[in-house]
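Right, one structure below, let's go through it.
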Amino acid sequence: MGRLSVLPALLFVLLLWQLGGARAQGSCPKPERQQNAELDESSRDLQDFPPGTKISFTCRPGYIRVPGKSLTWTCGNNLQWSQTSVFCTARKCKYPGPLENGYFDARDLTFGSKLTFRCNEGYRLIGKEEISCDIKNGGVDWSGTLPYCEIIPCEPPPQIANGEYEERGSYVYQSSVTYRCLDVPKDSDPFSLIGSDTIYCTSDANSNGVWSGPPPECRVVKCEDPRVENGRKMSGFGLPYRYKDSVVFECNQGYFMVGAQVITCEANNIWVPPQPTCEKLTPEMCLAPKIPNGALIPAKGAYAKGEAVQIRCNAGCSFPDGSAEVTVTCQEQSSWGALQHCSCESEGSGSTPVISHGRVIEGEKPSYSVGDFITIECYPGYTLHGEARIQYIGNNQWVPAVPTCQLSESEGSGSTPVISYGRVIDGEKPSYSVGDFITFECYPGYTLNGEARIQYIGNNQWVPAVPTCQLSGYIIAIICVIVIAVVLLAAFWIYKKFFSQNGKRDSTPSPAEYKMCKA
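For the sequence shown, the residue numbers in mature numbering (1 follows the signal peptide of the UniProt record, and there is no 0) are -24 to -1, 1 to 495.
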């Protein structure tokens, strides 16, 4: 009875031992999906991985086996796989080559990577902006070919009426064209170039070639002769007045100016700003004070008694106390009281600009400080092109730009110059305008001393000076040879006539002399 009761217990213990042994044996976990590899066909159907199980992998497309690494895993007794490190690595696409006039980041050329191409300034991309390293023909290769960068072209610049530019075969980034107005027949009004004479090939946001601005215009611009009652011109006497010509005014004694002192002929045939007026100065008024290196606010020609005006120093300048502004008031007897002046920090010693055919009529000094003004006028026969009044801004620079003096087109009473032994062969007319040319030649046997072609500059004057005709050196030499030959022949004749070869007279005795000697 006791033995029978022990048997079930033994069977139960044996069952537990078997179950425990099975649980202790176990299996490795199912391999996770690998990004760069996959189970080969022999291992794909396995569901249980007890110790000792081997599974094999193959590298996915785009990847290649890492040298020295096994493609087989083994389930160990510890229920862990023998190898979990990376054994397949991404293939590399070949370097696509350099991108001339462009750039890209070529540090990563592996499968799945992308290259983005950019062109240097002034160039645009032709081809794909981006390519990727993809699977091709069992390996990897780029999804497209290497693009290229071409210099951005511009369409030919627009033609303009009455103007031209030098045409080329092509126009590319940063190239420029310069327009000029066509010449006109003599005595016709010339065309003025309005706007910037030069435009440049640039690009827009889409790398398309565009010109930097609209082309200029060529139009006839002629402003009326400006006159100011109770005032006079200081410069700009030449007529007619063309585009950008300037005139400077001043008022007569006892008058003050209302408006701008300098006016300029603009494209719409009007003066800008409008021409000023000269108003009568009363005893209850103060003339505007002259403030070197400063400005008046408000700026007027005169101020009423009790009226205040602010004096503001130019940039870089100040009053002795360091302030940049003061306020003064028109007082009794047209006085401003004690005025202070603006002193400026030195920013280079500016020199007086050289004006061909013109001069500085106001504000000239040995050197200039920032804020100094000068006023320029042209000599008779020349017209000012640009602003007459300019300001020094340092580093020997002026604003607006230094003007130029060009030959006027006004009619003159020039007459044809007379030269001895010569004549005018081209350009002769009853009277001459400034800018007219004539050409001389000398009569045969005479040589021109000076320039054959001269230009009229007004007041019956010509440049270069009127030439002269002088007897040709060749003719003078011939005359000298003839004179010498005549003298020599005369001397020889005298010698032969009066002297024999031995120094005696070479003559035959007369019959009377012969008889006398005979006797």
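Ideal placement from N, C-alpha and C gives every residue a C-beta, glycine not left out.
Everything numeric in this text was worked out from a predicted model, so none of it was measured.
With respect to the 9 Å criterion, C241 and R218 are classified as neighbours on the basis of their beta carbons. Per DSSP, reduced to three states, the secondary structure at I170 is strand. Proximity to T34 across P43, L47, P27 peaks at L47, based on C-alpha coordinates. Residue pairing by DSSP places V336 opposite I352 in a beta bridge.
Judged by DSSP secondary structure, E193 falls within the beta strand (DSSP E) whose first and last residues are 193 to 195. Selection Y147, N425, Q286 evaluated against K266 yields Q286 as nearest (Cα-Cα). A residue is called buried when at least 16 other Cβ atoms come within 10 angstroms of its Cβ; R429 does not meet this threshold and is exposed. According to DSSP, residue pairing for S319 in a beta bridge involves S294.
D117 has D110 as its beta-bridge partners, per DSSP. In this structure, L263 is the residue among I460, Q11, L263 with its C-alpha nearest to the C-alpha of E308.
With a threshold of 16 other beta carbon atoms within 10 Å, V224 meets it and is buried. Here S32 carries a strand assignment [DSSP, helix/strand/coil]. Note: F63 is not bridge-paired with any residue in the DSSP secondary-structure output. With at least 16 other beta carbons inside 10 angstroms of its own, P123 counts as buried. Across the structure, C95 and S179 are spaced so that their CA atoms are roughly 13 Å apart. When the five nearest sequence neighbours on each side are left out, the beta carbons in the same chain lying within less than 7 Å of the beta carbon of S294 are those of A300, C318, S319, in order along the chain. Non-local beta-carbon contacts of E143 in its own chain, meaning distances under 7 Å to residues more than five positions away in sequence, are absent. Linking G38 to G115 through their CA atoms gives a straight-line distance of about 6 Å. Inter-segment contact for the region 400 to 413 and the region 462 to 476 is absent: fewer than three beta-carbon pairs are separated by less than 8 Å.
By the C-beta criterion, the region 396 to 411 is judged not to be in contact with the region 246 to 256, since fewer than 3 inter-stretch pairs fall below 8 Å.
The C-alpha of G370 lies about 37 Å from the C-alpha of E140. Shortest Cα-Cα distance from Q446 to any of C418, Y99, E427, N206 involves C418. Excluding the 5 residues flanking it on each side, V375 has same chain C-beta neighbours closer than 7 Å at I366, Q367, I369, in chain order. S3 is positioned such that its CB atom lies closer than 9 Å to that of L55. Annotation for I401: T415, F416, E417 place their beta carbon closer than 8 Å to its own, counting only its chain and skipping 5 residues before and after.
If you check the CB distance, E226 and M210 come in under 9 Å.
For the set S119, Q59, G52, P43, the Cα lying nearest the Cα of T65 is the one of P43. Contact annotation: P252 and G235 have beta-carbon atoms nearer than 9 Å. One thing to note: T351 has its Cβ no nearer than 9 Å to the Cβ of G362. For S18, there is no enclosing beta strand (DSSP E); the residue is part of the alpha helix (DSSP H) that begins and ends at 17 to 20.
Rounded to whole angstroms, the gap between the alpha carbons of I107 and K90 is 6 Å. Distance from the CA atom of T86 to the CA atom of R20, rounded to whole angstroms, is 28 Å.
Inclusion of Y149 and Y99 in the CB contact set at 9 Å is warranted, their separation being smaller than that value.
When DSSP states are grouped into helix, strand and coil, L158 belongs to the coil group. Here V204 has F225, C227, Q251, P252, T253, C254 as same chain residues with Cβ atoms under 8 Å from its own Cβ, once five neighbours each way along the sequence are excluded.
Nearest neighbour of C125 by Cα position, chosen from K472, P342, A284, S183, turns out to be S183.
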